[in-house]
Amino acid sequence: AKQWYQRRVRGAVSKKMGWRGAVQDLDYFDAQIRLLERRNGLIERLRRSQFRLLRELKSARGNLMSNEWTANLTVDSTMSENSPGYLSALWQETNQLQLLVNTCKSRVLVETSFM
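Residue numbers 21 to 135, in the working numbering, belong to the letters of the sequence shown in order.
Here it is, written out as structure tokens:
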């Protein structure tokens, strides 16, 4: 009877440990999904920001009546969205575009103020 009880306890413990492992796996995958959702949200925000900045650049360029201010956006065309450095490159490209737009707007302000 004692051996039967020990086998039963071992079976119950191993079954419980199996569930614990499955729960840990689910927690891991849930964390990974949340991480990917956050990453995709950041990518979407950066793309929207780039679209808005491109409109602002087009408007400022129109005020200057010049085509010399162009944005060279290459991340989407040269990198896969799933590559590890994609988010960083997109963020850097968006910051460069922001700097270009600010510089162009400053140029518009200088040219319209002193002419």
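All C-beta atoms in this analysis are idealised placements derived from N, C-alpha and C, irrespective of residue type, glycine included.
Residues near lysine 125 by beta carbon distance below 7 Å, same chain, minus five either side: Ala80
Extent of the continuous alpha helix (DSSP H) run through leucine 119: 106-133
Quick one: using the 10 Å Cβ neighbour count with 16 as the cut-off for buried, is valine 121 buried or exposed? buried
Endpoints, alpha helix (DSSP H) assigned at serine 86: Run containing serine 86: none; DSSP gives neither H nor E here.
Taking 8 Å as the cut-off, decide whether the C-beta atoms of glutamine 118 and leucine 93 are in contact. no
Distance check for glutamine 112 and leucine 77, CA to CA, integer angstroms please. 17 Å
What three-state label does DSSP hand serine 97 in the structure shown? helix
Sequence-distant residues of the same chain with beta carbon closer than 7 Å to leucine 62, five excluded per side: Leu107
For aspartate 45 and threonine 90, the rounded distance between their alpha carbons: 48 Å
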